[in-house]
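K.L.:
Quick one: structure below, then a few questions.
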Amino acid sequence: MSGEDGDRRLIEDLLPVEAINVVAQREKIGHAALHPRKLHLWWARRPLAAARAAVYATLVPVEGAPPEQRSDEFFRSLCRWGASDTVIAEARARVLAANGGTPPRVLDLFAGGGAIPLEAARLGCEATAVELNPVA
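My numbering puts the sequence shown at residues 1 to 136.
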């Protein structure tokens, strides 16, 4: 992903997998009544928490990321089901700032349950989903 220009992203250096895993595991097991999982059974549905963390960490460079947005606690609060609007807005602003104020375009060619495009849109991106499976 990063070339010789040193454009390293958070996902390459600072992704707190353990913190994200705890939240994602709770999401998969918890089955809250109002959770999108309840809309339709999709066998390989990915946790929204993990998708949100991956999209955010892919779009934000390490250089210039404030220390509070690199912490395990920030990722826990960002990935929590029902994350506060403040945390989502803060992440959205950081994604836009990292891309010169222009919403980045995210293309998911194998969208499946749509977790990545959904979370990319939530973080202010122009998201496009494509899926080969006609019932996806």
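Beta carbons: idealized from backbone N, C-alpha and C, even for Gly.
Would residue 10 be called buried (16 or more neighbouring beta carbons within 10 Å of its own) or exposed?
P.N.:
Numbered from its first residue, the sequence shown carries residue 10 at position 10. Flag for residue 10 reads buried.
K.L.:
Is the CB of residue 60 under 8 Å away from at least one CB in chain D?
P.N.:
Included in the structure is just one protein chain, with no chain D present.
K.L.:
Check residue 102 in the structure and name its three-state DSSP category.
P.N.:
As a working note, residue 102 is residue 102 in the sequence shown. Note: residue 102 maps to coil in three-state DSSP.
K.L.:
Comparing alpha-carbon positions, which option in 77, 104, 111 and 89 lies nearest residue 23?
P.N.:
Within the sequence shown, the letter at position 23 stands for residue 23. Residue 23 has its Cα closest to that of 77, out of 77, 104, 111 and 89.
K.L.:
Which residues mark the beginning and the end of the beta strand (DSSP E) in which residue 127 is found?
P.N.:
Walking along the sequence shown from the start, residue 127 turns up at place 127. Residue 127 -> beta strand (DSSP E) spans 126-129.
K.L.:
Work out the CA separation of residue 51 and residue 18 for me, nearest whole Å.
P.N.:
Counting from 1 along the sequence shown, the entry for residue 18 is found at position 18. Counting from 1 along the sequence shown, the entry for residue 51 is found at position 51. Each residue's Cα considered, the two are about 14 Å apart.
K.L.:
To the nearest angstrom, how far is it from the Cα of residue 29 to the Cα of residue 130?
P.N.:
The count along the sequence shown starts at 1 and reaches residue 29 at position 29. The count along the sequence shown starts at 1 and reaches residue 130 at position 130. If you take the alpha carbons of residue 29 and residue 130, they lie about 27 Å apart.
K.L.:
Going straight from the alpha carbon of residue 133 to that of residue 108, what length do you get?
P.N.:
The sequence position of residue 133 within the sequence shown is 133, counting from 1. The sequence position of residue 108 within the sequence shown is 108, counting from 1. If you take the alpha carbons of residue 133 and residue 108, they lie about 14 Å apart.
K.L.:
At the level of alpha carbons, what is the spacing between residue 66 and residue 27?
P.N.:
The residue given as residue 66 occupies position 66 in the sequence shown. The residue given as residue 27 occupies position 27 in the sequence shown. Going by the C-alpha atoms only, they are around 27 Å apart.
K.L.:
What first and last residue would you give for the alpha helix (DSSP H) that runs through residue 77?
P.N.:
What you label residue 77 is simply residue 77 of the sequence shown in a count that begins at 1. Counting along the chain, the alpha helix (DSSP H) containing residue 77 begins and ends at 72-79.
K.L.:
Buried or exposed, going by whether 16 or more other CB atoms sit within 10 Å of the CB of residue 110?
P.N.:
Locating residue 110 in the sequence shown gives position 110, counting from the first residue. When all chains shown are included, residue 110 counts as exposed.
K.L.:
Have a look at residue 6 and residue 63 and give me their C-alpha separation to the nearest angstrom.
P.N.:
Sequence index remark: in the sequence shown, residue 6 carries index 6 (1-based). Sequence index remark: in the sequence shown, residue 63 carries index 63 (1-based). Roughly 9 Å between the two C-alpha positions.
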